[in-house]
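**Student:**
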Amino acid sequence: MTTYTAPIEDINFLIEDVLDYHSHYAKYLSYAEATPDMVEMIVTECAKFCETELAPLNQSGDKEGCQLKDGKVTTPKGFKESYQAYVDAGWQGISHPVEYGGQGLPPSLGLIRSEMLGTANWSWSMYPGLSLGAMDTVIKHGSQSQKEIYLPKLTEGVWSGTMCLTEAQCGSDLGRISTKAEPQKDGSYSITGSKIFISAGDHDLTENIIHIVLARLPDAPKGTRGISLFVVPKILVNEDSTLGEANAVSCGTLEEKMGIKASSTVTLNFDAAKGFLIGEENKGLEYMFTYMNNARLGTALQGVSSAELAYQISLPYVKERLSMRSLTGKKFPEKEADPIIVHPDVRKMLLTQKAISEGGRAMIYYAAKVLDELEQCEDEQASKALDEKLGFLTPILKGFLTELGFESANLGIQVLGGYGYTKEWGLEQIVRDTRVSTLYEGTTGIQALDLLGRKMLMERGKTLRSFANEIMGFCKGHSLISGNPHKLRMNKFIWPLTKAVFNWQRYSLQIASRAQKDRDLIGSASVEYLMYSGYITMAYCWAMMAQTANEEIAKKPENIDFYRAKVRTAEFYFERIFPRIKTLGKTMMAKPRSLMRITSEQF
Ligand SMILES: Cc1cc2nc3c(=O)[nH]c(=O)nc-3n(C[C@H](O)[C@H](O)[C@H](O)COP(=O)(O)OP(=O)(O)OC[C@H]3O[C@@H](n4cnc5c(N)ncnc54)[C@H](O)[C@@H]3O)c2cc1C
1 MTTYTAPIED INFLIEDVLD YHSHYAKYLS YAEATPDMVE MIVTECAKFC ETELAPLNQS
61 GDKEGCQLKD GKVTTPKGFK ESYQAYVDAG WQGISHPVEY GGQGLPPSLG LIRSEMLGTA
121 NWSWSMYPGL SLGAMDTVIK HGSQSQKEIY LPKLTEGVWS GTMCLTEAQC GSDLGRISTK
181 AEPQKDGSYS ITGSKIFISA GDHDLTENII HIVLARLPDA PKGTRGISLF VVPKILVNED
241 STLGEANAVS CGTLEEKMGI KASSTVTLNF DAAKGFLIGE ENKGLEYMFT YMNNARLGTA
301 LQGVSSAELA YQISLPYVKE RLSMRSLTGK KFPEKEADPI IVHPDVRKML LTQKAISEGG
361 RAMIYYAAKV LDELEQCEDE QASKALDEKL GFLTPILKGF LTELGFESAN LGIQVLGGYG
421 YTKEWGLEQI VRDTRVSTLY EGTTGIQALD LLGRKMLMER GKTLRSFANE IMGFCKGHSL
481 ISGNPHKLRM NKFIWPLTKA VFNWQRYSLQ IASRAQKDRD LIGSASVEYL MYSGYITMAY
541 CWAMMAQTAN EEIAKKPENI DFYRAKVRTA EFYFERIFPR IKTLGKTMMA KPRSLMRITS
601 EQF
């Protein structure tokens with residue numbers, strides 16, 4: 001059976017030492033409640049909930065899956081009870097506005113909660129996870145009355161939310177959606193159409209489900225400019241906030257999927273369902289981006305979660321499993337053979353998992369700080385810059401971390417050999433569960449186009465330059481010519497990082513210039529560009545962690561093993577993972593000719 005132990009020491013290392021969340025929270029009056037004691041309480045209590053309530057349902061939920069009967073979806077045994085416990089403990093609204101029943105804590109704390117929920121049981125975590133996006137959309141773009149009607153129950157968690165974008169003919173290309181919205185005399189809209197692959201679209205955990213739906217008005221312009229956003233409750237809500245009659249929304253099919261079997265994924269049919277416009281007509285896709293950015297950060301977490309869980313299963317196994325002897329002579333002569341942790345190749349796989357999970361967590365927590373700053377920023381220009389930075393980081397985190405999370409889960413199977421391939425150990429489930437993370441919320445290909453096309457080329461490299469300057473500033477401040485007392489130890493990280501950031505900007509300029517002659521270069525380079533950017537962002541995070549660990553070794557010698565492990569994992573990352581950028585740099589700059597010359601018929 002898989003179990004989960006929340007990596008509290010790793011989490012605290014980031015929030016207390018590397019990223020200093022405490023001083024960051026102390027800067028803002030609205031985060032006054034986020035005292036160190038409160039943060040510690042949230043982390044430990046959430047860890048307990050995840051370890052005892054959610055982790056035990058991970059494998060049983062996978063085995064049982066969801067069921068569709070008479071148009072209603074039921075979740076696996078134990079899901080309802082644990083969801084009720086989650087609601088009773090007030091976990092859903094920890095970082096949502098106090099006026100709607102939330103605790104008003106920083107969004108970064110909400111992400112830490114989501115990471116633990118997701119690692120313990122990803123399928124379960126999708127039910128509250130989808131609601132978070134719906135809540136954010138209503139908060140940012142809903143009318144006052146929509147906020148009053150929907151937010152209190154969503155914040156409490158007794159209602160949940162969904163995101164209804166995809167239709168049979170289009171997922172990435174949302175400009176082609178055809179669900180119709182016809183204005184009614186009473187100011188509402190009649191919504192007709194089918195949405196497919198809707199996560200948490202129907203289930204038995206909450207008394208109502210609030211669907212956020214993309215649809216088109218009769219006279220709307222074609223393409224993405226003619227899409228509007230609607231709130232469509234499963235059960236209509238009376239003026240006094242009590243539940244009224246059922247809306248015309250039905251669940252058609254429950255998808256049979258490769259993984260996340262305990263998360264319901266359904267087709268929803270809207271048959272002249274009553275919907276209410278969010279914001280202005282034809283601005284739906286623009287509004288949806290708020291939802292998508294948060295959802296994409298939430299999905300990036302799946303990469304970290306699967307890497308962490310796969311590592312947690314692999315680690316005890318490699319210490320127990322015996323096979324042959326170490327190449328440098330017996331390490332455990334009292335045993336029949338040495339445990340496989342002595343073998344360099346096994347260590348390479350284990351360290352890759354560790355580097356991805358801890359490096360990925362650092363990337364998310366780093367971005368979460370930007371999210372907090374953006375929420376608190378009152379200056380228009382500074383707010384724009386923060387929004388652009390988050391917009392730049394989001395596709396990197398989503399695309400890169402989900403790809404690496406899958407790699408890490410897959411390595412887990414390899415580490416366990418034949419046992420990894422069996423159900424008992426839970427690794428094959430992680431591989432099946434996490435495979436979808438590179439697809440939903442925008443495929444890696446779509447994230448890559450967003451990064452290179454919109455966030456780099458259309459912005460003329462503005463955000464890239466400012467992020468690159470920040471990393472270069474860090475490198476300078478810790479280099480051989482700085483006053484950093486650990487500069488000699490840090491040089492092995494600082495020098496390759498400096499070179500890579502320089503090349504990142506050089507390649508970006510070259511792509512911008514060559515793409516003017518050949519637009520296909522954007523598409524042929526984009527995924528490599530995204531991965532290149534991801535490896536650099538992770539290298540920056542590992543360099544920061546190594547610097548902090550070096551400082552802490554002197555301050556807390558009693559924890560020397562923990563900090564040394566950080567420095568050694570950083571060394572591993574820089575020596576054996578970071579050099580992947582060399583190949584990426586080469587392939588990303590190759591001309592698209594070999595991709596484009598072969599005709600469709602010649603395939
Ligand atoms: C389990 C699951 C849960 C989901 N949950 C939800 C949900 O809650 N709500 C919701 O609305 N949707 C949901 N989806 C749908 C999901 O977001 C889409 O499947 C995804 O966005 C991809 O769209 P698609 O399947 O239509 O693939 P397509 O868009 O057809 O893409 C197919 C391939 O073509 C590539 N491609 C497409 N266009 C381009 C281009 N212009 N340039 C380069 N490459 C391109 C893609 O990268 C991909 O590799 C879910 C899907 C799954 C499997």
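Residue 1 is where the sequence shown starts when you use the numbering used here, and the numbers rise one by one after that.
Note that beta-carbon positions come from the ideal geometry of N, C-alpha and C, so glycine has one too.
With burial defined as no fewer than 16 other Cβ atoms inside 10 Å of the residue's Cβ, what is the status of E280: buried or exposed?
**Tutor:** exposed
**Student:** What are the start and end residues of the alpha helix (DSSP H) that includes S479?
**Tutor:** Where S479 is concerned, there is no enclosing alpha helix (DSSP H), given that its DSSP letter is neither H nor E.
**Student:** Taking the CB atoms as reference points, tell me whether D202 and V266 lie closer together than 7 Å.
**Tutor:** In terms of Cβ geometry, D202 and V266 form a close pair [threshold 7 Å].
**Student:** Within a Cβ cutoff of 7 Å, which residues of the same chain sit near R580, ignoring the five residues on either side of it in sequence?
**Tutor:** Y535
**Student:** Of all the options K80, V98, F578, G118, which has the alpha carbon lying nearest to the alpha carbon of C50?
**Tutor:** G118
**Student:** Quick one, which of A200, Q169, E207 has its alpha-carbon nearest G193's?
**Tutor:** Q169
**Student:** Can you find at least 3 beta carbon pairs, one from the stretch 220-234 and one from the stretch 272-279, that sit closer than 8 Å?
**Tutor:** yes
**Student:** Among R454, V39, K384, L165, whose alpha-carbon lies nearest the alpha-carbon of Y440?
**Tutor:** L165
**Student:** With a threshold of 8 Å, are at least 3 pairs of Cβ atoms found where one atom belongs to the stretch 290-297 and the other to the stretch 121-136?
**Tutor:** The stretch 290-297, when compared against the stretch 121-136, does touch it at the 8 Å Cβ threshold.
**Student:** Apart from the five residues just before and just after D70, which ones in its own chain have a Cβ nearer than 7 Å to its Cβ?
**Tutor:** none
**Student:** Using alpha carbons as the reference points, say which of I196, R460, F406 lies closest to T438.
**Tutor:** The candidate whose alpha carbon is nearest that of T438 is F406.
**Student:** Rounded to the nearest angstrom, what separates E115 and E9 at their Cα positions?
**Tutor:** 15 Å
**Student:** What are the start and end residues of the alpha helix (DSSP H) that includes M545?
**Tutor:** 520-555
**Student:** With distances taken from CA atoms, which of A367, I112, G171, Y317 is nearest S346?
**Tutor:** Reading off the sequence shown, one finds Val at residue 346, where the question assumed Ser. The shortest C-alpha separation from V346 is found at Y317.
**Student:** Determine the DSSP secondary structure at R597, reduced to helix, strand or coil.
**Tutor:** coil
**Student:** Among E378, S188, F400, whose alpha-carbon lies nearest the alpha-carbon of Y28?
**Tutor:** E378
**Student:** Under the assumption that A337 contacts L322 (Cβ atoms under 8 Å), give the Cβ distance between them as a whole number of angstroms.
**Tutor:** Going by Cβ atoms, the distance from A337 to L322 rounds to 4 Å, so yes, they are a contact pair.
**Student:** In three-state terms, what does DSSP make of I198?
**Tutor:** strand
**Student:** Considering only residues of the stretch 80-130, which uninterrupted alpha helix (DSSP H) runs meet the minimum length of 4 residues and lie entirely inside it, listed in chain order?
**Tutor:** 107-120
**Student:** Below 8 Å, how does it come out for the stretch 17-24 and the stretch 360-378: are there three or more Cβ pairs, yes or no?
**Tutor:** yes
**Student:** Do T438 and ligand 1 come close, with the Cβ less than 6 Å from some heavy atom?
**Tutor:** no
**Student:** Out of A300, M588, G104, L427, point me to the one whose CA is closest to E528's CA.
**Tutor:** Among A300, M588, G104, L427, the Cα nearest to that of E528 is on M588.
**Student:** What residues are listed by DSSP as bridge partners for R216?
**Tutor:** K180
**Student:** Count the other CB atoms, across all protein chains shown, that sit within 10 Å of the CB of P333; report buried if there are 16 or more and exposed otherwise.
**Tutor:** Around the beta carbon of P333, fewer than 16 other beta carbons sit within 10 angstroms, so the residue counts as exposed.
**Student:** Identify the residues that DSSP records as bridge partners of T162: which are they?
**Tutor:** Note: T162 sits in a beta bridge opposite H211.
**Student:** Using a Cβ-Cβ cut-off of 7 Å, state whether D186 counts as contacting chain D.
**Tutor:** This model lacks chain D altogether; it includes just one protein chain.
**Student:** To the nearest angstrom, how far is it from the Cα of L327 to the Cα of T569?
**Tutor:** 22 Å
**Student:** For K384, count neighbouring C-beta atoms within 10 Å of its own C-beta (all shown protein chains included) and say buried if the count is 16 or more, exposed if not.
**Tutor:** exposed
**Student:** Work out the CA separation of K462 and S305 for me, nearest whole Å.
**Tutor:** One C-alpha to the other measures close to 32 Å.
**Student:** Kindly list the residues whose CB is nearer than 8 Å to the CB of T290, restricted to its own chain and excluding five residues on each side of it in sequence; keep chain order.
**Tutor:** D136, T137, K140, H141
**Student:** Alpha carbon to alpha carbon, how far is M324 from L105?
**Tutor:** So the alpha carbons of these two residues sit roughly 52 Å apart.
**Student:** Reducing DSSP to helix, strand and coil, say where Y563 ends up.
**Tutor:** helix
**Student:** Spatial neighbours of I313 within its chain, please: CB distance less than 7 Å, with the 5 preceding and 5 following residues excluded, ordered by chain position.
**Tutor:** T2, G412, W425, G426, L427
**Student:** Sort Y127, K180, C541 by Cα distance to Y609 and report the nearest one.
**Tutor:** Since the first residue of the chain shown is 1 and the last is 603, residue 609 is not available in this structure.
**Student:** For the beta strand (DSSP E) that contains Q602, what are its first and last residues?
**Tutor:** Taken as a continuous stretch (DSSP letters only), Q602 belongs to no beta strand (DSSP E), as it is neither H nor E.
**Student:** Looking only at its chain, what residues have a beta carbon closer than 7 Å to the beta carbon of E358, apart from the 5 residues adjacent to it on each side?
**Tutor:** D10, T569
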